[in-house]
Every structure is written in C-alpha cells, then in structure tokens.
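Residue numbers (my numbering): -7 to 254.
Where is the CB? At the ideal position from N, CA and C, for every residue including glycine.
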Amino acid sequence: MATVTVNGGQQVHFVDYGGDGPAVLLLHSFLMDIDMWEPQVQSFGADYRLIAIDERGHGGTPADADFDYWDVARDAFGVLDHLGIERAAVIGTSQGGFIALRMALLQPERVTAMAVLGTSAEKEAEGTATVYRHLIAAWLEAGPEPLVDGVAVFCLGDYEASAWKTKWLEVPGEKFQRIMETLVSRDSVLERAGEIQLPVLVLHGSGDNEYPMARAESLVAALPNAEPLVTIVSGAHFLSLTHASDVYPHLKKFLEAHAAGK
-7 MATVTVNGGQ QVHFVDYGGD GPAVLLLHSF LMDIDMWEPQ VQSFGADYRL IAIDERGHGG
53 TPADADFDYW DVARDAFGVL DHLGIERAAV IGTSQGGFIA LRMALLQPER VTAMAVLGTS
113 AEKEAEGTAT VYRHLIAAWL EAGPEPLVDG VAVFCLGDYE ASAWKTKWLE VPGEKFQRIM
173 ETLVSRDSVL ERAGEIQLPV LVLHGSGDNE YPMARAESLV AALPNAEPLV TIVSGAHFLS
233 LTHASDVYPH LKKFLEAHAA GK
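Right, dumping it as structure tokens:
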C-alpha cells in the first residue's frame, strides 16, 4: 500500500497489485475501501495489473474539504499518472461507477473499457436524498452504532458484514456528513452518456435496495457501445462483493475482450 499526492495537493491511498497484464483500476462503493476488491484480486490478479484506490474520505484517503466525484475522477487519473499508466480499464461499483463514468467523460482516450455494477448515471432521487439527509443527522446526533446494522442490510443484503460494520463504527459524524453530501448532491451525467464511446458492461442486482433496474436500463440505453444489461438474480447493491462468484464470468469475458483496448 502507498500514498501519493495528486490533483493540487490531495493525498490518495492506493494499492498497485502488479502484474504484466492490461491495467484495471478498481473503484469501490460508498463507505467501503480497497478491501472491497479482495474477491477480484484473487480472481483476476494473475492476468491483469490491478490498481485499487481509496476514494476521498474513505479508507486511508482524507477528505479535508468539500469535493465532488469529478474531483475523485481526477484523483484516479493522478494515481495512474504516478504509476506511469497511460490507459486502463475501469471497474466501479455504486459510487465507484459514478467516478468511472466521469473518468470516461474527462479523458476518454485513457479508459479502454468500463464495467459498472449497481450504479446510476442520474442524480439522486429527491425522496432518497431526503432519507439520506435524515441519516446524516442521525449519525451526527447519535453516532454510527445504532445505524450500521441497517446500512449493512441496505448495501450488502444478507452478506456477512461484521468486518465492515466494525470499520463504519470508526467513521465520525463530520466525515460521514461530507462524503454523504457528495453522494446526495451529485450531478446527473445521463444526458452526456452518449459521449462515452468505449465498451461498457452494466451489471445490476435484482435485489438492489438502492437503485431500481430502470436506472441500469436507462444507462445501457444511453451508452452507444454498451453490452446487453446483465441482471444478477437476487444481487445486492454492492454486488461485486456480495455476489462475486456470479459477476465473475461476466467480468472475465468482458475484460478478455476489451481491457487491452484497440
């Protein structure tokens, strides 16, 4: 694990797992960190050069000021620059998908292919945003302990989440507020999805408690070179972790075809 300063002074914690294959950047979900990608490191580490980053306010990466996901996309390019990687495929789950889409819009020539899981190109629905702001208030007032069980079910379904809940108990209210406000207030990029010409694979769980399947369908319809939508039966919101074995064959086929680029 290492830390690099990028994008005007932002520190970013990352892991370069090495390897001689095509580079693949891994972008985790909200409240998660690099460790989320352990199943993919085990599955793909021998064939690809995997790089995972802790996004702002998560894991070992600080968030000392307000930010948006465009900033995090630039952070990710900064890490690739530091490593001397000109082009990479990108895989992002939920929040990681928000960042991946913005990377493809900022510097499309540097993204060979993109797989997004349980994500959305749209802004947060008004009702959901209101619920999340209530969650912020509760976290600030009472701390995380009364809330982490519910968050785990919402994000991970029935996946065994004790290790993640232990991490979440260490997230102070001010940090939670900052990272959640970034999520709640994000802009929509669905209207610009037609600009993304690279190959894209969209996977979505039928048991996703956050985004309905219609979000994934809208994204696929808007992307010129999207593969057919992959539905993971009973898949939870963070399905790259909770349903790693189910998503594996789809990611494997897609990366074999597109990770190296043209």
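Provide the residue(s) that pair with Gln3 in DSSP beta bridges, ordered along the chain.
Thr(-3)
Hey, could you find the ends of the beta strand (DSSP E) His20 is sitting in?
Element bounds for His20: n/a, residue is neither H nor E.
State the DSSP-derived secondary structure class of Ala161, mapped to helix, strand or coil.
Position check: residue 161 holds Leu in this sequence, whereas Ala was assumed. DSSP places Leu161 in coil when its eight states are reduced to three.
DSSP puts Met95 in a beta bridge; with which residues?
DSSP lists no partner for Met95.
Is Trp62 near Ala44, with beta carbons less than 8 Å apart?
no
Name the DSSP bridge partner or partners of Arg41?
Ala15
Assigned exposure category for Met95 - 16 Cβ within 10 Å defines buried
buried
Taking Cβ positions, are Gly11 and Gly37 nearer each other than 8 Å?
yes
Assess contact between the stretch 145 to 152 and the stretch 224 to 235, defined as three or more Cβ pairs (one per stretch) separated by less than 8 Å. Is contact present?
yes
Between the Cα of Glu114 and those of Ser180, Asp27, Leu211, spot the shortest distance and give me the residue it belongs to.
Ser180
So is Met24 buried or exposed if we call it buried at 16+ other beta carbons inside 10 Å?
buried
So, does the stretch 55 to 71 touch the stretch 93 to 107, judging by three or more C-beta pairs under 8 Å?
yes
Does the beta-carbon of Thr111 have 16 or more other beta-carbons within 10 angstroms, so that it is buried, or is it exposed?
buried
In the DSSP assignment, find the beta strand (DSSP E) that holds Met106 and state where it starts and stops.
103 to 109
Anyone know if the C-beta pair for Val71 and Val(-4) falls short of 8 Å?
yes
Spell out a yes or no on whether the stretch 153 to 168 and the stretch 133 to 142 are touching, meaning 3 or more CB-CB pairs, one atom from each, closer than 8 Å.
yes
By the DSSP assignment, the beta strand (DSSP E) with His235 in it spans what residues?
First-last for His235: undefined, no H or E at that position.
Return yes when the Cβ of Lys159 is within less than 8 Å of the Cβ of Ala144, no when it is not.
no
Only counting the same chain, and skipping five residues up and downstream in sequence, which positions put a Cβ closer than 6 Å to that of Ile128?
Gln169, Met172
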